[in-house]
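K.L.:
Dumping the structure here so I can ask a few things about it.
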Amino acid sequence: MLSIEAARLGYRVHIFEPDAGCPAGQVSEVEINAPYSDEQALREFAQGVDVVTYEFENVPLAATEIVSAQTLVRPPGEALHICQNREREKNFLAANGIPCAPFWVVDSAETLAGALRELDGAGVLKTASFGYDGKGQLRVKSGDDASAIWSTFGADRAVLEGWIEYTHEFSIVCARGLDGEIRLFPAAENRHEHHILDISIVPARIPDAALAEARIMVGRIAEALEIVGLITAEFFLTRAGTILVNELAPRPHNSGHFTLDACVTSQFEQQVRATCGLPLGSTDLMRPVVMLNLLGDLWENGEPDWRSLLAEPNLELHLYGKREARPGRKMGHLCVLADSVDQALARVEEIKARLST
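Residue 1399 in this note's numbering sits at position 101 of the sequence shown, and the numbers go up by one each step.
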């Protein structure tokens, strides 16, 4: 989607991706396939482009340093370094006065036991690195056997977070330009199933005061990380009415895919604009919209019936071109636009039920 938007603005895109035939490579001029540890391949890639950006966090910092010695990297590698590790991310939030769940860094059964004693209730143990969509997470509580948990958890370092009682999850995609200008996209109210984003509802049905507070927070985060590009913040609205940051992502975000169909400028075009030093575009929402993720589970009995979906007058379908459908894998999404968010949500829920039968 980023490559398509870049091409629309007249840019040619090169992709560095370890596995051949990735969706971005299908619509880009050049695709280089090599491990992120291949220094020569990284240098050759960097020499062929004017500026580099990324679309997920799990790129080693060393790879960005090799590339940045040859060409521009936006957002900076340090932002990636912080956001790809929960320990560093939580410490960054705490150091900058951004409220988040109470947390403890643990690296042994002993430190986990101490954290569980302080927890006083339920919590979630998360791997410090390489966790997403619920992977590397375990629900725990005070009084649990720390030795038994740590021996089976399979991580050298982890973060124990206090359990948050919340009424809503929502996210805000923030763009920051080369000149420091900030543009915020409308907040998306998010629903998850099995820790994977299922539905995003826009505009989010969140109190105005809470949204205003969250918008200030994500702007502060973008400035502190010196973002040139995008940063997405995921939030909890607690039962007490407070706002907490859950996670950060220095890239386009799944919950921001609605912008392709419902905003003047999509998050992908905005990333191209910021990365290439262009003025940022309008983030205005043109119509209420609800996005539904399409997971590989839908392919269990063969290719879904896209014809019936495409017959919907206010529906936009996006399939990613991934070669293999697997349960839980994000294969595409759809957006339904309507005159009200309630109308769009009702229609998406009907479509979801139909696809699942």
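We put the beta carbon where it would ideally sit given N, CA and C, even for glycine.
(1) For a test of the three-state rule: what should DSSP assign to C1381, helix, strand or coil?
(2) Let me check understanding here. Comparing Cα to Cα, which of Y1334, Q1345, V1350 and R1481 lies closest to P1358?
(3) What runs of the alpha helix (DSSP H), each 4 residues or longer, lie entirely inside the segment 1548 to 1598?
(4) Which value, in whole angstroms, describes the spacing of the CA atoms of S1654 and L1596?
(5) Taking three-plus beta-carbon pairs below 8 Å as touching, is the segment 1414 to 1430 in contact with the segment 1445 to 1465?
(6) Can you say whether A1485 is buried or exposed, counting buried as having 16 or more other CB atoms within 10 angstroms of its CB?
(7) What separation, rounded to the nearest whole angstrom, lies between the Cα atoms of V1311 and S1301?
(8) From I1396 to G1460, what does the alpha carbon distance come to, in whole angstroms?
(9) Output needed for P1611: all residues of its chain with C-beta closer than 7 Å, excluding positions within five of it in sequence on either side, in chain order.
(10) I1525 and M1377 - do their beta-carbons sit closer together than 7 Å?
(11) Using the C-alpha atoms, what's the distance from V1471 back to G1478?
(12) Are the CB atoms of L1583 and L1632 nearer to each other than 7 Å?
(13) Does the segment 1378 to 1393 come within contact of the segment 1541 to 1548, defined as at least 3 CB pairs closer than 8 Å?
(14) Considering only their Cβ atoms, is the gap separating I1499 from V1403 smaller than 7 Å?
(15) Answer yes if the segment 1619 to 1627 comes into contact with the segment 1639 to 1653, meaning at least three C-beta pairs across the two stretches below 8 Å, and no otherwise.
(16) Would you call the CB atoms of G1291 and T1573 closer than 7 Å?
(17) I need the DSSP call for V1646, collapsed to helix, strand or coil.
(18) Here's a check: name, in chain order, each residue in its chain whose Cβ is nearer than 7 Å to the Cβ of A1444, leaving out the five neighbours to either side.
(19) Work out the CA separation of G1441 and T1351 for me, nearest whole Å.
(20) Kindly say whether A1507, judged by its beta-carbon, lies nearer than 7 Å to any beta-carbon of chain C.
(21) Identify whether W1461 lies in helix, strand or coil by the three-state DSSP scheme.
(22) Looking only at C-alpha atoms, which of L1613, C1320, L1476 and I1462 sits nearest to A1538?
(23) Let me check understanding here. Comparing Cα to Cα, which of I1494, R1489, H1551 and A1473 lies closest to R1513?
(24) Kindly give me the distance between the Cβ atoms of S1606 and T1530, rounded to whole angstroms, as I take these residues to be in contact under 8 Å.
(25) Suppose contacts are defined by Cβ-Cβ distances below 7 Å. Is R1341 in contact with Q1368 by that definition?
(26) What does a CB cutoff of less than 8 Å around L1593 pick up in its chain, not counting 5 residues either side in sequence?
(27) Taking the continuous beta strand (DSSP E) assigned at G1421, which residues delimit it?
(28) So, are the CB atoms of V1587 and A1609 less than 7 Å apart?
(29) Can you tell me which of C1398, P1550, V1457 and G1475 puts its alpha carbon nearest to the alpha carbon of I1541?
(30) Assuming F1566 contacts P1550 under a Cβ cut-off of 8 Å, what Cβ separation, rounded to an integer in Å, is found between them?
(31) What are the uninterrupted segments assigned as beta strand (DSSP E) that are 3 or more residues long and contained completely in the segment 1469 to 1509, given in chain order?
(32) Bridge partners for C1633 per DSSP, in chain order?
(33) Could you say which of E1329, E1355, A1522 and V1347 lies nearest to S1366 if we only look at CA atoms?
P.N.:
In terms of the structure at hand:
(1) In the sequence shown, counting from the first residue as 1, residue 1381 sits at position 83. Helix at C1381.
(2) For the purposes of this step, residue 1358 is taken as residue 60 along the sequence shown, with counting starting at 1. Of the listed residues, the one whose Cα sits closest to P1358 is Y1334.
(3) Segments of the alpha helix (DSSP H) lying fully in the segment 1548 to 1598: 1557 to 1560 and 1565 to 1573.
(4) For the purposes of this step, residue 1654 is taken as residue 356 along the sequence shown, with counting starting at 1. For the purposes of this step, residue 1596 is taken as residue 298 along the sequence shown, with counting starting at 1. Answer to the nearest angstrom: the Cα atoms are 7 Å apart.
(5) As far as the Cβ criterion goes, the segment 1414 to 1430 touches the segment 1445 to 1465, which means the pair count is three or higher.
(6) Position 187 of the sequence shown, counted from the first residue, corresponds to residue 1485. A1485 comes out buried.
(7) In the sequence shown, residue 1311 corresponds to position 13, counting from 1. In the sequence shown, residue 1301 corresponds to position 3, counting from 1. Going by the C-alpha atoms only, they are around 6 Å apart.
(8) Looking up residue 1396 in the sequence shown gives position 98. Looking up residue 1460 in the sequence shown gives position 162. Rounded to whole angstroms, the separation of the alpha carbons of G1460 and I1396 is 16 Å.
(9) In the sequence shown, residue 1611 corresponds to position 313, counting from 1. Excluding sequence neighbours, P1611 sits near nothing in its chain.
(10) The residue given as residue 1377 occupies position 79 in the sequence shown. The residue given as residue 1525 occupies position 227 in the sequence shown. For the record, residue 1377 in the displayed sequence is Ala; it is not Met. Yes.
(11) Position 180 of the sequence shown, counted from the first residue, corresponds to residue 1478. Position 173 of the sequence shown, counted from the first residue, corresponds to residue 1471. Using only the alpha carbons, I get a separation of about 16 Å.
(12) The residue you call residue 1583 lines up with position 285 of the sequence shown. The residue you call residue 1632 lines up with position 334 of the sequence shown. At least 7 Å separates the beta-carbon of L1583 from that of L1632.
(13) Yes, they touch.
(14) Position 105 of the sequence shown, counted from the first residue, corresponds to residue 1403. Position 201 of the sequence shown, counted from the first residue, corresponds to residue 1499. No, the pair does not count as a contact, with Cβ atoms beyond the cut-off.
(15) Per the Cβ contact rule, the segment 1639 to 1653 is not in contact with the segment 1619 to 1627 (fewer than 3 Cβ pairs under 8 Å).
(16) Residue 1291 is absent from the model: the chain starts at 1299 and stops at 1655.
(17) Within the sequence shown, numbered from 1, the residue matching residue 1646 stands at position 348. Note: V1646 maps to helix in three-state DSSP.
(18) Numbered from 1 along the sequence shown, position 146 holds the residue referred to as residue 1444. Hits under 7 Å: A1407, L1410, A1411 and L1414.
(19) Mapped onto the sequence shown, residue 1351 falls at position 53. Mapped onto the sequence shown, residue 1441 falls at position 143. Going from the Cα of T1351 to the Cα of G1441 covers about 45 Å.
(20) You won't find chain C in this structure, because it holds only one protein chain.
(21) As a working note, residue 1461 is residue 163 in the sequence shown. W1461: coil per DSSP, three-state reduction.
(22) The count along the sequence shown starts at 1 and reaches residue 1538 at position 240. Measuring from the Cα of A1538, the nearest candidate turns out to be I1462.
(23) The residue you call residue 1513 lines up with position 215 of the sequence shown. Selected option, being the one with the closest Cα: A1473.
(24) Position 308 of the sequence shown, counted from the start, is the residue given in the question as residue 1606. Position 232 of the sequence shown, counted from the start, is the residue given in the question as residue 1530. The pair is not a contact, with the Cβ atoms about 32 Å apart (cut-off 8 Å).
(25) For this step, residue 1341 is matched to residue 43 along the sequence shown. For this step, residue 1368 is matched to residue 70 along the sequence shown. Contact: yes.
(26) Taking the sequence shown and counting its residues from 1, the one referred to as residue 1593 is at position 295. Hits under 8 Å: I1494, P1625, G1626, R1627, K1628 and M1629.
(27) The residue you call residue 1421 lines up with position 123 of the sequence shown. Per DSSP, G1421 belongs to the beta strand (DSSP E) from A1420 to T1425.
(28) By 1-based counting over the sequence shown, the position of residue 1587 is 289. By 1-based counting over the sequence shown, the position of residue 1609 is 311. Not a contact, by the Cβ cut-off of 7 Å.
(29) Residue numbering aside, residue 1541 sits at position 243 when the sequence shown is read from its first letter. Residue C1398 is the option with its Cα nearest to I1541.
(30) Translated into positions along the sequence shown, residue 1566 becomes position 268. Translated into positions along the sequence shown, residue 1550 becomes position 252. The Cβ separation is near 6 Å, so the contact holds.
(31) Within the segment 1469 to 1509, complete beta strand (DSSP E) segments of at least 3 residues are found at 1480 to 1482, 1486 to 1491 and 1494 to 1500, given in chain order.
(32) Taking the sequence shown and counting its residues from 1, one reaches residue 1633 at position 335. For C1633, the pairing in a beta bridge is given by DSSP as M1589 and E1614.
(33) By one-based count along the sequence shown, residue 1366 stands at place 68. Checked all of E1329, E1355, A1522 and V1347; the closest Cα to S1366 is V1347.
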